[in-house]
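A.B. asks: The structure under discussion is supplied below as structure tokens; questions concerning it will follow.
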Amino acid sequence: MRLSSYLGECYNELRYKVSWPTAKELSNSAVIVLIASLIMSAFVFLVDQGFEVIIKQIYKLII
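Just so we're aligned, residue 15 is where the sequence shown starts under the numbering used here, counting upward by one.
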């Protein structure tokens, strides 16, 4: 297969066969991803802080 025909087929598929989201769907998805990322980062932060407290207590017992 020649490169030009491959690129032409790629263009046709992306232009006519792919179902692209609307601007509203895209912005809604972006907001959902942002909120989920913030929730997950807060969770990881809290777990990290909890482990830090636990490790410090263990070190106090050992030393």
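Ideal Cβ positions, reconstructed from N, Cα and C, are used throughout, including at glycine.
Considering only residues of the same chain and omitting the five flanking positions on each side of Ser43, which have a CB-CB separation below 8 Å?
C.D. replies: Once the five neighbours on either side are set aside, the close Cβ partners of Ser43 are Pro35.
A.B. asks: Would DSSP call Arg29 helix, strand or coil?
C.D. replies: Note: Arg29 maps to helix in three-state DSSP.
A.B. asks: Between the C-alpha atoms of Gly64 and Val47, what's the straight-line distance to the nearest angstrom?
C.D. replies: In a straight line, the C-alpha of Gly64 is about 26 Å away from that of Val47.
A.B. asks: Within a Cβ cutoff of 8 Å, which residues of the same chain sit near Glu39, ignoring the five residues on either side of it in sequence?
C.D. replies: So no residue of the chain qualifies.
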